[in-house]
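Asker: Read top to bottom, the protein sequences are chains A and B.
Mapping of the first sequence onto our numbering: residues 1 to 114, in sequence order.
Mapping of the second sequence onto our numbering: residues 115 to 228, in sequence order.
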Amino acid sequence: ILNVEQSPQSLHVQEGDSTNFTCSFPSSNFYALHWYRWETAKSPEALFVMTLNGDEKKKGRISATLNTKEGYSYLYIKGSQPEDSATYLCAPKGGETSGSRLTFGEGTQLTVNP
Amino acid sequence: DAGVTQSPTHLIKTRGQQVTLRCSPKSGHDTVSWYQQALGQGPQFIFQYYEEEERQRGNFPDRFSGHQFPNYSSELNVNALLLGDSALYLCASSRGGNSYNEQFFGPGTRLTVL
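#1: With a threshold of 8 Å between beta-carbons, can Val95(B) be considered close to chain A, or not?
#2: For a contact defined as C-beta to C-beta under 9 Å, what are the partners of Glu106(A) on chain B?
#3: Where does His143(B) land, buried or exposed, given buried means 16+ other C-beta within 10 angstroms?
#4: Under three-state DSSP, which class holds Pro92(A)?
#5: Under three-state DSSP, which class holds Leu47(A)?
#6: Residues of chain B with CB under 9 Å from Ala46(A), in chain order?
#7: Tell me the rounded alpha-carbon separation between Tyr66(A) and Gln150(B).
#8: Go ahead and label Ala118(A) buried or exposed: buried means 16 or more other beta carbons lie within 10 angstroms of its beta carbon, across all protein chains shown.
#9: Taking the alpha carbon of Ala32(A) as the point to measure from, which residue in Gln6(A), Leu110(A) and Lys93(A) has its own alpha carbon closest?
#10: Between Ser188(B) and chain A, is the shortest Cβ-Cβ distance under 8 Å, so that the two count as touching?
#11: Within 10 Å of its beta-carbon, does Ile126(B) have 16 or more other beta-carbons around it, so buried, or fewer, so exposed?
#12: Measuring only the C-alpha atoms, how far is Glu216(B) from Asn193(B)?
#13: How many Å lie between Val112(A) and Gly172(B) at the Cα?
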């Protein structure tokens with residue numbers, strides 16, 4: 001069972017601010033890391049699947065980096081907008097024997113004030 | 115494409131009762147995973163079904179059981195409900211068991227046990 005920590009737990013920023021948050025996980029037996037965005041009353045939406053050390057993914061104003069050796073991933077949002085308000089969840093996955101189950105952190109709840 | 119659908123949306127039961135939740139996967143997906151999200155926590159993996167068999171199971175008691183049908187839809191059954199089973203139950207579908215594949219989530223079923 002993976003111990004996943006996300007920080008901060010919650011974040012309030014002003015529209016236009018850039019922000020970032022962290023997902024920490026055990027560096028041993030790493031296989032992949034998923035980032036999800038979850039807006040209230042909607043389904044969690046997949047943002048990125050990251051697999052390689054040094055991987056960097058980008059989707060519009062959102063980007064993520066991965067360091068598998070030290071066991072962390074950062075999610076960045078550039079120029080936050082109110083529609084970015086959501087809970088951001090990371091889910092690292094262990095080795096192949098764990099199948100495709102995802103172990104989620106508790107999430108970072110982002111609120112962007114207009 | 116309707117995406118992942120779940121029914122019912124909300125459900126209220128009393129302690130000791132039994133409940134069945136339903137999930138239809140995204141078109142083309144053959145794997146269904148169930149997660150429980152209690153308040154303030156990230157989703158916790160319950161089990162996964164593939165080819166009509168339970169392939170993986172999380173740390174949940176035998177009161178939690180499931181089924182997958184030939185059309186890949188799935189049910190989650192919970193017997194002898196406890197107050198602590200109150201949560202949002204999420205279904206996620208994916209294609210095959212490869213952990214690189216995104217899991218697509220449904221909107222969830224909110225279960226309240228009184």
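The beta-carbon is built from N, C-alpha and C at its ideal position, and this holds for glycine as well.
These numbers come from a predicted model, not from an experiment.
Answerer: Based on what the coordinates show:
#1: Chain B is shown only over 115 to 228; residue 95(B) falls outside these bounds and no answer can be derived.
#2: Gly154, Gln155 and Gly156
#3: buried
#4: strand
#5: strand
#6: Glu216, Gln217, Phe218 and Phe219
#7: As written in the sequence, residue 66(A) is Leu, which differs from the Tyr given in the question. Approximately 27 Å between the Cα atoms of the pair.
#8: Since the displayed chain A opens at 1 and closes at 114, residue 118(A) lies outside it and no answer follows.
#9: Lys93(A)
#10: no
#11: exposed
#12: 30 Å
#13: 35 Å
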